[in-house]
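To start, the structure under review is shown below, and the notes come after it.
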Amino acid sequence: WCSQHDWVEDMSAPAYHLILEGILILWIIRLLFSKTYKLHETYKLTEKEKEELIEEWQPEALVPPVSKDYPTLNYDVVTGPPSHKITINGKDCINFASFNFLGLLDNERVKQKALASLKKYGVGTCGPRGFYGTFDVHLELESRLSKFMKTEEAILYSYGFATIASAIPAYSKRGDIIFVDEAACFAIQKGLQASRSLIKYFKHNDMEDLERLLKEQELEDLKNPRKARVTRKFIVVEGLYINTADICPLPELVKLKYKYKVRIFLEESMSFGVLGDHGRGVTEHFGVNIDDIDLISANMENALASIGGFCCGRSFVIDHQRLSGQGYCFSASLPPMLAAAAIEALNIMEEDPDVFRVLREKCKHVYNALQGTPGLKLAGVPVAPALHLELERSSGSRESDMKQLRSVVDYCMERHVALTLARCLEKEERFLPPPR
Amino acid sequence: MTESATSKLLNGDICHRTSNGKKASKNGFVKDHSLFEQPQKYRRPRDKNQNVPHNSSLYKKPFVESFEETPLWVAVLTYMGYGILTIFGYLRDFLRHWDIEKCHVARERDEQKDFVPLYQDFENFYTRNLYMRIRDNWNRPICSVPGAKVDLVERVTHDYNWTFEHTGKVVKDVINMGSYNYLGFAENTGACADAALEVTKMYGVGVGSTRCEMGNLDIHEEMEQLVARFLGVESAMAFGMGFATNSMNIPALMGKGCLILSDELNHTSLVLGARLSGSTIRVFKHNNMQSLEKLLRDAIVHGQPRTHRPWKKILIVVEGIYSMEGSIVRLPEVIALKKRYKAYLYLDEAHSIGALGPNGRGVVDYFGLDSKDVDIMMGTFTKSFGAAGGYIGGKKELIDYLRRHSHSAMYATSMSPPVAQQIITSMKIIMGEDGTTLGADRLRQLSQNTTFFRRRLHEMGFIIYGNDDSPVVPLMLYMPAKIGAFGREMLKRNIGTVVVGFPATPIIESRARFCVSAAHTREMLDTALEAISEVGDLLQLKYSRREQALPSLGWMSEESLLQD
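These protein sequences, in sequence, are chains A and B. The first sequence begins at 1 in UniProt numbering and counts up one residue at a time. The second sequence begins at 1 in UniProt numbering and counts up one residue at a time.
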């Protein structure tokens, strides 16, 4: 009787307890049957709304309209061969505008060799290097170039711009650090962009600035030694800068290289075939051991009067590009007649080292003669074959500067001297050089 | 989630579609207005991709593409093969590290030993251990015109492909199934070569200046006008390198705030150009129009990620013929989509210009469409014209803009004069303007050769990918050892072929690729086919499980049936 009573008492719990439980049960039932809602992307467009959005959307024009009298829209048409005397728009002029440093563009021997190659191989190669596009002339040119530059190996590209733009991303990936001079040319900038590495610019030819950046980087490395052990660091400089026509201080760079353990990539498009006693470029000019430079890249379009480019260096470095250089693996190889022309030009360079001395003297002569021009200042060093004339006092707007320089160019062309405005893409260049 | 909602619409409930097209589904959403229906649930059991076009009314002739699926046992064996190679690779690396085995790999300079290593060890694992074993199949030097028959420089290796020596001998008259010589213009005699000779004598070889400074010769102007006429567009511009054409002009046209929709299997140059432009890139499945449509709708409806601002421009980037698959883009459907959603189309006709179409004008000609529908037509001169370089064609405003803003015109040297002349002459021949029927003959020969070659390979029981009309013929090998073996065996029989493996293709789908040319005669193709059949039997490459329609070689079809 007592246990029954206890049990009944236990059953009849306090009223509030039952009410609370009842409410909870009702709440659960309500939650189970209510509509679920999502916490993110809360809006769902109906089909009608989607269709309306699609109808309404208007893209921009594919290209913005270009005004008709834009200076570089209409190119000057050259009839006939682009050699020392050039015919522009019908006028015969002395050619001061092409990059024909050694005068090999209309050399008879070079032409004959190209003709012979054309008769043997035809014009095109119909394939990339990996798939029956490697000709014996390519192999010969590569070995000749590497012997000439006294390096172990050389690799050939079919387009000068693509040479450095493919070489940099082959070695430097995301997470690596590259120190670049501000006046680096556009091809280098594209290579840097493609590599996705961290880029640090130092002031043009300013070794203190570079040392400051390197010291900062060293301090960073000490904080995180594990990461520093796998981060590669490079310095990219040009031998003779296209944009400012002066030479980089190579011996100091090599000292910095060993002090801070960075690798050097040297771009010698303008200095190959120009500087140095035998034309080997800025390493010969300064007497630096060529093995100290990790990679030298140059294009053959300036001194060698052909088309294409090459990289040379130790096999350890160059061999990597044969599988990972994009402009090498995925593009057709250089037409064999252009390679044959380059071999012949190289022969001429090797036979007659006196031509470099002659070139240097002529450059000095022109430099001294142009020094005193009123209103224009000369940018560049005496040995540079490509000089820039800039306006002394800029009028403030780039457009009117360009127009003024254009009138200078036109005036010269009336007098049968061909000059050219150096072109660049305003929006794309990182550090815009002044108009010249 | 909107993603699941749209996929539900596209995937489910389609079976209820009535002839009116509109029917409310279970959730209350009105059926979406996509242009293309989802393929039916039933699929042919062994094909990966649908080869039936979804909107057949747009196609004037049958579009037959096939990508037969890998047989399961082959996939398993391939993975096993790679596994064994990897184990051996680790073993060899270990031996080399402890100097038990002689190391042929080039080493860093002693003065620079304490620098951060230039390459990470694992990056080169594949190169050192797998690629080196079969390296003799690539970079084979030749010493004659890359025509239908070619002379190879003989190489031997005494240390298992680490170094090569030239013996000085020449292997003559190797049938060339590897060069991109579709119309046979790689020749050193004939009208093209003569014209190029004249031009070399007159102009020289180099140019020495950029296009906008001093490098614009009259021969360039003539060539560009001819290219524009050939393509049927208002204006065209030519560049010195095909790769650079893509990588330098896409950034000039697209920028931040734009969207690029590119095919899965696009060429490296297109991918590089898209990356350099700074736009957002979205990838759609290869030649799959539903995937593309879905991406387009999502992009327009939702705008840019996170800010939901509308996109400035949308560009669809496709290729005419995909060189590794042999497939042709479904151009009518792409153009219909483009018009519906107001996107722009960039068509890269590197392999298809000159090779497809009754008049050789490329994939636009092949489908019989209007070239004004394609906004930007790009192509290269390397393949069908026997020259080098690339071009872009389109409306006059586009080309004027490119003349002003293209990176190549500003900074890179212009094309060499004899190369330009070769393009002019070969294009005139194809168009028939030189007065002979040589162009038309070659086009006909190419399409006949393609059809014959593909049909015979199908009959033999190989797995061939791609469209029936494309002159690029990939033959599946799958296993890593067969890559090397195929290349070498074919060379023994005096036929030069191209084999491709990882990383140009997915890891188990390595293949041999043949490029049919108009310069190949029937006898050459027969010789090649016999040799391929022999090697196929030797290496057991006849994987195809299809029933053969024509039991021309009775015992061979029986063998393929037995594999089921």
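Note that beta-carbon positions come from the ideal geometry of N, C-alpha and C, so glycine has one too.
Coil, strand or helix - residue i by DSSP
| i | result |
| --- | --- |
| Met377(B) | strand |
| His220(B) | helix |
| Lys85(A) | strand |
| Ile507(B) | coil |
| Leu72(B) | helix |
| Arg155(B) | strand |
| Cys363(A) | helix |
| Leu261(B) | strand |
| Tyr344(B) | strand |
| Tyr59(B) | coil |
| Met337(A) | helix |
| Thr521(B) | coil |
| Asn49(B) | In this prediction, Asn49(B) scores a pLDDT of 42, lower than 50, which makes its location untrustworthy; no coordinate-derived value is stated. |
| Asp194(B) | helix |
| Glu325(B) | coil |
Residues near residue i by beta carbon distance below 6 Å, same chain, minus five either side
| i | result |
| --- | --- |
| Tyr201(A) | Val180, Glu182 |
| Val516(B) | Asn449, Thr450, Phe453, Pro471 |
| Gly78(B) | Sequence check: residue 78(B) is Thr here, not Gly. The residues are Tyr478, Met479, Ile508. |
| Glu153(A) | Ser146, Ser315, Ile318 |
| Lys482(B) | Leu539 |
| Gly279(A) | Gly273, Met349, Phe356 |
| Asn137(B) | Gly487, Val499 |
Residue j beta carbon less than 8 Å from that of residue i
| i | j | result |
| --- | --- | --- |
| Leu210(A) | Ile199(A) | no |
| Tyr157(A) | Thr151(A) | no |
| Glu349(B) | Gly362(B) | yes |
| Arg211(B) | Ser414(B) | yes |
| Ile247(A) | Leu240(A) | yes |
| Val110(A) | Leu118(A) | no |
| Ile155(A) | Tyr328(A) | yes |
| Leu295(B) | Ser279(B) | no |
| Gly309(A) | Tyr159(A) | yes |
| Pro65(A) | Lys342(B) | no |
| Lys464(B) | Ala236(B) | It should be pointed out that residue 464(B) corresponds to Ile in this sequence rather than to Lys. Contact: no. |
| Asn246(B) | Met378(B) | yes |
| Phe239(B) | Gly390(B) | yes |
| Asp373(B) | Ile335(B) | yes |
| Ala244(B) | Pro418(B) | no |
| Met248(B) | Ser406(B) | yes |
| Ile264(A) | Ile235(A) | yes |
| Ser297(A) | Ala345(A) | no |
Cβ-based neighbour list, residue i, same chain, cut-off 7 Å, excluding 5 preceding and 5 following
| i | result |
| --- | --- |
| Ala193(B) | Glu187 |
| Glu52(A) | none |
| Leu213(A) | Phe179, Lys200, Phe202 |
For residue j and residue i, believed in contact at Cβ under 8 Å, the rounded distance
| i | j | result |
| --- | --- | --- |
| Leu253(B) | Val63(A) | 7 Å |
| His204(A) | Thr244(A) | 6 Å |
| Asp218(B) | Val366(A) | At roughly 29 Å, the Cβ-Cβ gap does not stay under 8 Å, so Asp218(B) and Val366(A) are not in contact. |
| Lys542(B) | Phe486(B) | With 8 Å as the limit, Lys542(B) and Phe486(B) do not qualify as a contact, their Cβ atoms being about 13 Å apart. |
| Gly81(B) | Asn129(B) | Incorrect: roughly 13 Å between the Cβ atoms, too far for contact. |
| Gly360(B) | Phe385(B) | Between Phe385(B) and Gly360(B) the Cβ distance is about 10 Å, and since that is not below 8 Å, they are no contact. |
Nearest to residue i (by Cα), restricted to the options the options
| i | options | result |
| --- | --- | --- |
| Thr231(A) | Leu323(A), Ser197(A), Thr134(A), Tyr159(A) | Ser197(A) |
| Val116(B) | Leu115(A), Ala245(A), Gln189(A), Asp221(A) | Asp221(A) |
| Val271(B) | Leu525(B), Arg488(B), Ile250(B) | Ile250(B) |
| Val153(B) | Lys50(A), Tyr132(A), Ser166(A) | Tyr132(A) |
| Ala340(A) | Ala114(A), Ala369(A), Glu350(A) | Ala114(A) |
| Lys285(B) | Thr527(B), Ala274(B), Val318(B) | Val318(B) |
| Leu345(B) | Leu331(B), Val535(B), His351(B) | Leu331(B) |
| Glu390(A) | Asp176(A), Thr420(A), Glu414(A), Val383(A) | Thr420(A) |
| Asn134(B) | Lys61(B), Trp162(B), Ala388(B) | Looking at the sequence itself, residue 134(B) is Ile, so the reference to Asn does not match. Per the Cα distances, Trp162(B). |
| Arg545(B) | Ser66(B), Arg297(B), Lys60(B) | Ser66(B) |
| Phe220(B) | Ala409(B), Lys338(B), Phe514(B) | Here residue 220(B) turns out to be His, not Phe, going by the sequence shown. Checking every option, the nearest Cα to that of His220(B) belongs to Ala409(B). |
Same chain, Cβ closer than 8 Å to residue i, five either side skipped, listed in chain order
| i | result |
| --- | --- |
| Ala148(B) | Ile175, Asn176, Asn181, Gly184, Ser517, Ala519, His520, Thr521, Met524 |
| His320(A) | Ala170, Tyr171 |
| Ala418(A) | Ile86, Ile88, Cys93, Ile94, Asn95, Phe96, Ala97, Cys412 |
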